[in-house]
Amino acid sequence: MKIHEYQAKELMAARGIAVPQGRVATTADEAAAAVRSLVEASGNPVVVVKSQIHAGGRGKGTFREHPDVSGVEVVTSGIDGGVEATESAVRELAAAMLGSTLVTIQTGEEGKQVSRLYIEQGIDIARELYLSVLLDRAQGRNIVMASTEGGMEIEKVAEETPEKILRHTIDPAIGLADFQAAAIARGLGLEGTAAKNFLGFVKALADGAAEWDTDLIEINPLVVTADGEVMALDGKMAFDDNALYRHPDIADMRDESEEDPAELEAKSAGLSYINLDGNIGCLVNGAGLAMATMDTIKHVGGEPANFLDVGGGASAEQVATAFGIITRDPKVKGIFVNIFGGIMRCDVLATGIVDAVQQVGLEVPLVVRLEGTNVEEGKAIIRQSDLDVVAADDMKDGAAKIVELAR
Amino acid sequence: MSILVDQETRVIIQGLGSTGRFHTEKAIAYGTRMVGAVHPSRAGTTEVFEGETDHSGVPGRDDTYSVELPIFASVAEAVEATGATASVVYVPPPFAADAIMEAGHSGLDLVVAITEGIPVGDMVVAKRYLADKVTRLIGPNCPGVITPRQCKIGIMPGYIHQPGKIGVVSRSGTLTYEAVHQLTRLGLGQTTAVGIGGDPVNGTNFVDVLRLFHEDDDTEGVIMIGEIGGTAEEEAAEFVARHMDKPVAGFIAGTTAPPGKRMGHAGAIVSGGKGTAGAKIAAMEEAGIVVAPTPTDMGSAMVEALG
């Protein structure tokens, strides 16, 4: 699960990790009202207006309705014009941003509607660094990754100048050791107050990753101010869904408007579903088989409309829900059911399909491939149902048949 | 011969809920030597399993079975009393990592964790705990391990397997069944089929299993089935190139998976351009592995690799 920048900063601040001061605004008036207290608290006339969406690349993204406005705007009019000038500039920007569609490199062409802004104090930046805590799967441990190349995409740094990335493995029994934090500070060229502040920052962040069950915490940029303060200027966090049960406060931060409605419906029915761009709907048991089914459709010249794993022990009701999600998708021109029954019995699956078709109807071709436990009973149920179903011998045969029928 | 499990393997179960009970019944029907269960609140009692023998399993048994499994308060007590060598974990996700560590503490040879949905942070801790223990962990979030007609630990359907000469190792359950089914139809059969699981942090990885198959005299070829996410397949390909002279075939799921989306398995995600199917397939082909274009072709890819 992802959360917004302002939420990530709330979590960090609560752990004593330094972040700039900021206020959330959902209207232009709220945005303007945030200005005065921020300027007074920080003594800095500059404020930053930041769109809150889950996708990255906000600073370089622009609004479809206002191509001259970017997703993150720095407001400097207060330097000469005072707080009133800042307030009116922020109000104007907020009015343009709120309700408009921000298109960034990560949102795709359709963009993302902005319904929340974060108004933040301006920071006098001396250096921009990169810092993250993430899982290193090969070791089965979290690592701290740091780089002097703040503000750049880390993938790009890894490709072009891999020597500029520092990596330190966190022992789960110890946390990030002091000597490791010190080595990172030295590697980043930090000295004096900045180095001291960084040690506290990085250790708190490493501990936070373990305590919050994050998949990823990325601070890009991490900034050092002229007087040696170290702060998270941006903050991205993603959490392990399987651990959310023990973090109800974090689970409450979920923003369902950032998620696909069909994916949410599937999740609440215990199904794993991902919406894609093609026209062949897939209903499969097992994650690996579901991915491979998409691949096979592509291999025979088609395009999958979705990933859908009904799981190992799905009930007839879950199968019916899954079928409903697929048939309601207007881009679906054919459906491929691909089941290798292990724990799941083919007769249960077949009953679920027949029930679902009777409930929701079927207006597109349907190809069913059944294999495994009780396969003959399953095939008999489908044969006797008088449904217009094409049987397939194996998954490649089934994929070829549905791609042909959907043309 | 086989790897990891055989007719001598003595198995206890941790997590005797409805799922655990269901699969214990299937394992006993198959002929697996189930010798006990761990369930603190029911320690000192027994659980009776009765039913019809699955004749696709261990040969030479009566048509029905009746087994009374003793229940123990801890893994250590179960091992002491039964001489168990392996354990299978069906414990619910919040408590599963602790169950795995308990198995490690008790000196078992093998713990097979079937549970799906264990927090990654818990597995990071469990993996570190097991680092200096003798116990090998398979999984979690896996179908288990089977040596046909000898021992079935996990949730796979037994009857699709057949003793033979191909080792199977996979991150996906249902794709393992596809491969096994094809090998059985082709008459190649399996020495052992191992599901290493779909989670980002697991116990035994591809390289570990490939090494075991490499050293197993009866295994003449290996099918490895990977998927997007992480770099375990690339490391496996390097191992194959450097150390294996047995033919290897493979398949990678997720060529069409969009980046940044978790495809069902917690570990199946392309992030930051890492873990793509394309990179894995390229590394495997570079290592001389015959990569099947679709899962339907896994069996024929193995035949091709065998030459």
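First to last, the protein sequences are chains A and B.
Quick note on our numbering: the first sequence kicks off at 73 and runs consecutively.
Quick note on our numbering: the second sequence kicks off at 48 and runs consecutively.
Virtual Cβ for every residue (Gly too), placed ideally from N, Cα, C.
Straight-line gap, residue i to residue j (C-alpha atoms, nearest Å)
i: Y77/B; j: E77/A; result: 53 Å
i: I59/B; j: A240/B; result: 20 Å
i: I75/B; j: L294/A; result: 57 Å
i: S153/B; j: T162/B; result: 20 Å
i: L353/B; j: G353/A; result: 36 Å
i: D466/A; j: T343/B; result: 7 Å
i: T445/A; j: H86/B; result: 30 Å
i: E200/A; j: V274/A; result: 15 Å
i: D292/B; j: E232/A; result: 36 Å
i: M366/A; j: R188/A; result: 36 Å
i: P117/A; j: V146/A; result: 11 Å
i: G259/A; j: L238/A; result: 7 Å
i: G406/A; j: N269/A; result: 59 Å
i: P204/B; j: A226/B; result: 13 Å
i: G358/A; j: G143/A; result: 39 Å
i: I270/B; j: E330/A; result: 40 Å
i: V447/A; j: I454/A; result: 11 Å
i: D140/A; j: T176/A; result: 14 Å
i: T252/A; j: V205/A; result: Position check: residue 252/A holds Gln in this sequence, whereas Thr was assumed. One C-alpha to the other measures close to 13 Å.
i: E102/A; j: T221/B; result: 53 Å
i: G414/A; j: T79/B; result: 18 Å
i: R95/A; j: Q124/A; result: 12 Å
i: E227/A; j: E351/B; result: 38 Å
i: G280/A; j: E94/B; result: 44 Å
i: G244/B; j: R258/B; result: 18 Å
i: I165/B; j: D299/A; result: 44 Å
i: A245/A; j: D285/A; result: 15 Å
i: I322/A; j: G307/A; result: 15 Å
9 Å Cβ cut-off: residues of chain A touching residue i
i: R175/B; result: G212, R213, D243, P244 and A245
i: R232/B; result: Residues of chain A passing the Cβ test: none, with the nearest at roughly 10 Å.
i: G164/B; result: D313 and N314
i: G245/B; result: A359 and G360
Simplified DSSP state of residue i, which is helix, strand or coil
i: C189/B; result: coil
i: T93/B; result: strand
i: H319/A; result: coil
i: E200/A; result: strand
i: E335/A; result: helix
i: Y78/A; result: helix
i: A305/A; result: It is worth fixing the name first, because residue 305/A is Leu in this sequence and not Ala. It is coil, neither helix nor strand.
i: E145/A; result: strand
i: S113/B; result: strand
i: P376/A; result: strand
i: G88/A; result: coil
i: T221/B; result: helix
i: S340/A; result: helix
i: Y345/A; result: strand
i: E333/B; result: helix
i: E476/A; result: helix
i: P387/A; result: According to the sequence shown, residue 387/A is Ser rather than Pro. Note: S387/A maps to coil in three-state DSSP.
i: G98/B; result: strand
Neighbouring residues, chain A, relative to residue i (Cβ below 7 Å)
i: Y224/B; result: F412, G414 and G444
i: G320/B; result: E227
i: E274/B; result: G360 and M363
i: V172/B; result: P244
Neighbour list for residue i in chain B, Cβ cutoff strictly below 8 Å
i: R87/A; result: Ordered by position in chain B, no residue passes the 8 Å Cβ test against R87/A, which lies about 16 Å from the chain.
Residue i: contacting residues in chain A (beta-carbon distance under 8 Å)
i: R218/B; result: G360
i: V248/B; result: L207, R209 and G212
i: A326/B; result: The contacting residues do not exist; A326/B stays about 13 Å from chain A at best.
i: H312/B; result: A359 and G360
Where residue i meets chain B, residues with beta-carbon distance less than 7 Å
i: I322/A; result: Chain B residues near I322/A: none, gap ~13 Å exceeds 7 Å.
i: A282/A; result: G168
i: L348/A; result: P305
i: Y202/A; result: Near Y202/A there are no residues of chain B at all, since even the closest Cβ is about 13 Å away, more than 7 Å.
Residue i: contacting residues in chain B (beta-carbon distance under 9 Å)
i: L277/A; result: Going along chain B, no residue has its Cβ under 9 Å from L277/A, so there is no contact; the nearest lies around 15 Å.
i: G384/A; result: E163, P190, I202, G220 and T221
Proximity test, Cβ basis, 9 Å: residue i and chain C
i: S387/A; result: Although the question refers to chain C, the structure presented lacks it and instead comprises the protein chains A and B.
| message | Under 8 Å: do the stretch 408-417 of chain A and the stretch 427-442 of chain A share three or more Cβ pairs, one atom per stretch? | response | Touching, per the Cβ criterion.
| request: Check whether the stretch 179-186 of chain A touches the stretch 109-117 of chain A, counting contact only when three or more Cβ pairs, one atom from each stretch, lie closer than 8 Å. | output: Verdict: no, contact absent.
| query | Does the stretch 59-73 of chain B come close enough to the stretch 126-143 of chain B to have 3 or more Cβ pairs within less than 8 Å? | reply | Counting Cβ pairs under 8 Å, three or more are found: they touch.
| task | Could I get the ranges of all uninterrupted beta strand (DSSP E) runs contained in the stretch 180-265 of chain A, with 3 residues as the minimum, in chain order? | result | The DSSP assignment places 189-193, 197-208, 213-219 and 237-241 as complete runs of the beta strand (DSSP E) inside the stretch 180-265 of chain A, in order along the chain (cut-off: 3 residues).
| query | Are at least three pairs of beta-carbons, each pair with one atom in the stretch 219-229 of chain A and one in the stretch 191-205 of chain A, less than 8 Å apart? | reply | Yes, the stretch 219-229 of chain A is in contact with the stretch 191-205 of chain A.
| message | Would the stretch 379-391 of chain A count as touching the stretch 344-351 of chain A if we require 3 or more Cβ pairs under 8 Å? | response | Cβ pair count under 8 Å is three or more, so yes.
| field | Start-end ranges of the alpha helix (DSSP H) lying completely within the stretch 408-451 of chain A, minimum 4 residues | value | Runs of the alpha helix (DSSP H) inside the stretch 408-451 of chain A: 418-432.
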